[in-house]
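Novice: Residue numbers (the working numbering), protein chains in the order written: chain A, 48 to 394; chain B, 415 to 524.
Don't be surprised by glycine CBs; every beta carbon is placed ideally from N, CA and C.
Fair warning: this is a prediction, and the values are worked out from it, not measured in the lab.
Take a look at the following structure, please.
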């Protein structure tokens, strides 16, 4: 099927397979299209069907709430073309970043499912073929027999990765996380689509890095830090990392973060903010390279960063509310330019 | 012309935004100094509610994709691709009036 996407500035055409999501077909063909979560939640790929018939692959997608009823709108990430289609966007077509790897489908098997806290797991996918991605990007991860894919940011970084690492939080009633938290999952085949996401890091930005993350949002930040640490970036630029969780039961990846500070004591600082608990005895002693504070993570960042926003690129990740609080702080208090702020809002 | 009273200038804090309904039309009323702007309450991009936006007294930011506008004239800043629409307003004796003859909205082809 031939798909034509009309942006406000220009149009693109590509072929889509039967049953293939229109967004994925366009991305796979190397075109940049508007999207954020790619998984039916955020509504960023909403567009208007001008011509042609489509199938709705997930009629219960939460992102449908953004569609105007009766206006012929669809989510490009959850609709497949049944015939040639013409689709109109509300905005310009995004520019394809030159360094951005073209997303595609990847096969792999699940390995190394390891609990990190009472409700966070780490898992890896061993890929059939190596994959390139930018630090901070994510994959749509699907499990056999489970409807829909979920968006997870890579934790690791490699120019050509054979294994992708992820962290996942157990959600009550979450089909995906419940399956992963179950037994005997090692070796289960998985399908991934990606890499996706625009909140990525490239060494060419030449800025000090300010990373503010809540919970499993730390995943993409870890990848950004791993990339920065793989070259000499952190010898010439700072990285200030603020990682927020509820209590000391919820902290994870502290060993990895501590090792980074020990390697770059002059340029890397990591603060762990506990929102619901004062810092318990022993936590600082066990993690002497890390700073611990009580309060919301954006408040900890605001206190520590005051007057230090020179040549700074901020990466935000976490819950929609957490990202919003950090954003407000950066725009209103820190007066950081919006062009220096990156995040992918999945909510 | 359908001039309707919006509110008294004194009802609005400086550098603040307030959602209101005027003659059945939802609007966002924004004060910066003695200037009051009345705009449709949604972002021209994805129609995200601008009541959730961030306003610093001069620049309005939509938190969905960081589109920004100079509120004085509605011109797009930074990554924004489209201007804000504004209702015609006037002030008389400390009261703000807006011409809400037709609901302003952002369509695919505008």
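(1) Could you say which of 292(A), 94(A), 70(A), 79(A) lies nearest to residue 85(A) if we only look at CA atoms?
(2) Run the CB neighbour count on residue 320(A), radius 10 Å, all protein chains shown included, and call it buried at 16 or more, exposed below.
(3) Looking at chain A, which residues of the region 495-513 of chain B have a Cβ within less than 9 Å of any of its Cβ atoms?
(4) Could you tell me whether the Cβ of residue 113(A) comes closer than 8 Å to any Cβ of chain B?
(5) Whose C-beta lies closer than 6 Å to the C-beta of residue 97(A) among residues of the same chain, with five residues either side of it excluded?
(6) Where does the unbroken alpha helix (DSSP H) through residue 280(A) begin, and where does it stop?
(7) In whole angstroms, give me the CA-to-CA distance for residue 365(A) and residue 392(A).
(8) Pull up the distance between the alpha-carbon of residue 277(A) and that of residue 289(A), whole angstroms please.
(9) So, is residue 282(A) buried or exposed, given that buried needs 16 or more other C-beta atoms within 10 angstroms?
(10) For the beta strand (DSSP E) holding residue 134(A), just list the boundary residues, first then last.
(11) Any C-beta of chain A within less than 9 Å: which residues of the region 435-464 of chain B qualify?
(12) Note down, in chain order, each residue of its chain lying with its Cβ closer than 6 Å to the Cβ of residue 152(A), except the 5 sequence neighbours on either side.
(13) Would you say the region 383-390 of chain A touches the region 479-494 of chain B, given that touching needs at least three Cβ pairs under 8 Å?
(14) Would you call the CB atoms of residue 459(B) and residue 483(B) closer than 8 Å?
(15) Using a Cβ-Cβ distance cut-off of 8 Å, determine whether residue 431(B) contacts chain A.
(16) Would you kindly check if the distance between the Cβ of residue 512(B) and the Cβ of residue 521(B) is under 8 Å?
(17) Got a sec? Which residues, its chain only, sit under 7 Å from residue 61(A) by beta carbon, not counting five neighbours each side?
(18) With distances taken between CB atoms, is the gap from residue 271(A) to residue 183(A) smaller than 8 Å?
(19) Using beta carbons (cut-off 8 Å, strictly below), is residue 371(A) in contact with chain B?
(20) With a threshold of 8 Å between beta carbons, is residue 50(A) in contact with chain B?
(21) Please state whether DSSP places residue 69(A) in a helix, a strand or coil.
(22) Would you call the region 294-304 of chain A and the region 324-344 of chain A touching, i.e. three or more CB-CB distances under 8 Å?
(23) Using DSSP with H/G/I as helix, E/B as strand and the rest coil, what is residue 424(A)?
(24) Leaving aside the five residues before and after residue 357(A) along the sequence, list all residues of the same chain whose C-beta is less than 8 Å from its C-beta, in chain order.
(25) Residue 252(A) and residue 286(A) look like a contact to me (Cβ under 8 Å); what is the Cβ gap, rounded to whole Å?
(26) Roughly how far, in whole angstroms, is the beta-carbon of residue 157(A) from the beta-carbon of residue 126(A), given that I think they are within contact range, below 8 Å?
(27) Using a Cβ-Cβ cut-off of 8 Å, state whether residue 138(A) counts as contacting chain B.
Specialist: Looking at the coordinates:
(1) Locating residue 85(A) in the first chain gives position 38, where the first residue counts as 1. If you compare the alpha carbons of 292(A), 94(A), 70(A), 79(A) with that of residue 85(A), the shortest gap goes to 70(A).
(2) For the purposes of this step, residue 320(A) is taken as residue 273 along the first chain, with counting starting at 1. Looking at its Cβ environment, which holds 16 or more other Cβ atoms inside 10 Å, residue 320(A) is buried.
(3) Within the region 495-513 of chain B, the residues whose Cβ lies closer than 9 Å to some Cβ of chain A are 495, 496, listed in chain order.
(4) Counted from its first residue, the first chain places residue 113(A) at position 66. Answer yes: the Cβ-Cβ gap between residue 113(A) and chain B drops below 8 Å somewhere.
(5) The residue given as residue 97(A) occupies position 50 in the first chain. Once the five neighbours on either side are set aside, the close Cβ partners of residue 97(A) are 133, 135.
(6) If you number the first chain from 1, residue 280(A) lands on position 233. Taken as a continuous stretch (DSSP letters only), the alpha helix (DSSP H) holding residue 280(A) covers 280-283.
(7) Within the first chain, residue 365(A) is the residue found at index 318, counting from 1. Within the first chain, residue 392(A) is the residue found at index 345, counting from 1. The straight-line gap from Cα to Cα measures roughly 8 Å.
(8) Start at 1 with the first residue of the first chain, and residue 277(A) comes out as number 230. Start at 1 with the first residue of the first chain, and residue 289(A) comes out as number 242. Here the alpha carbons of residue 289(A) and residue 277(A) stand approximately 21 Å from one another.
(9) The sequence position of residue 282(A) within the first chain is 235, counting from 1. With fewer than 16 other beta carbons inside 10 angstroms of its own, residue 282(A) counts as exposed.
(10) Position 87 of the first chain, counting from 1, holds the residue named residue 134(A). Its beta strand (DSSP E) spans residues 132-135.
(11) For the region 435-464 of chain B, the set of residues with a beta-carbon nearer than 9 Å to any beta-carbon of chain A comprises 458, 459, 460, 461, 462, in chain order.
(12) Start at 1 with the first residue of the first chain, and residue 152(A) comes out as number 105. Counting only Cβ-Cβ distances below 6 Å, and skipping sequence neighbours, we find 240.
(13) The way I'd put it, the region 383-390 of chain A does touch the region 479-494 of chain B; three or more beta-carbon pairs between them come closer than 8 Å.
(14) Indexing the second chain from 1 puts residue 459(B) at position 45. Indexing the second chain from 1 puts residue 483(B) at position 69. No, they are not a contact pair.
(15) As a first step, residue 431(B) is located in the second chain; it is residue number 17 there, counting from the start. Not an interface residue.
(16) Numbered from 1 along the second chain, position 107 holds the residue referred to as residue 521(B). Numbered from 1 along the second chain, position 98 holds the residue referred to as residue 512(B). Here residue 521(B) is not near residue 512(B), since their CB atoms are 8 Å or more apart.
(17) On the first chain, position 14 is the one that residue 61(A) refers to. Within the same chain, residue 61(A) has close Cβ partners 50, 72, 73, 76, 78.
(18) Stepping through the first chain from its first residue, residue 271(A) is reached at position 224. Stepping through the first chain from its first residue, residue 183(A) is reached at position 136. In contact: residue 271(A) and residue 183(A) (Cβ atoms closer than 8 Å).
(19) The count along the first chain starts at 1 and reaches residue 371(A) at position 324. A Cβ of chain B is located within less than 8 Å of the beta carbon of residue 371(A).
(20) Taking the first residue of the first chain as position 1, residue 50(A) is located at position 3. For residue 50(A), no Cβ of chain B is located within less than 8 Å of the residue's own Cβ.
(21) In the first chain, counting from the first residue as 1, residue 69(A) sits at position 22. Note: residue 69(A) maps to helix in three-state DSSP.
(22) Because the criterion of three Cβ pairs below 8 Å is met, the region 294-304 of chain A and the region 324-344 of chain A touch.
(23) Since the displayed chain A opens at 48 and closes at 394, residue 424(A) lies outside it and no answer follows.
(24) In the first chain, counting from the first residue as 1, residue 357(A) sits at position 310. Same-chain partners within the cutoff: 255.
(25) Numbered from its first residue, the first chain carries residue 252(A) at position 205. Numbered from its first residue, the first chain carries residue 286(A) at position 239. Their Cβ separation, rounded to whole angstroms, is 12 Å, which puts residue 252(A) and residue 286(A) out of contact at 8 Å.
(26) For the purposes of this step, residue 157(A) is taken as residue 110 along the first chain, with counting starting at 1. For the purposes of this step, residue 126(A) is taken as residue 79 along the first chain, with counting starting at 1. No, residue 157(A) and residue 126(A) are not in contact; Cβ-Cβ is about 29 Å, not under 8 Å.
(27) Within the first chain, residue 138(A) is the residue found at index 91, counting from 1. For residue 138(A), the answer is yes, since a Cβ of chain B falls inside 8 Å of its Cβ.
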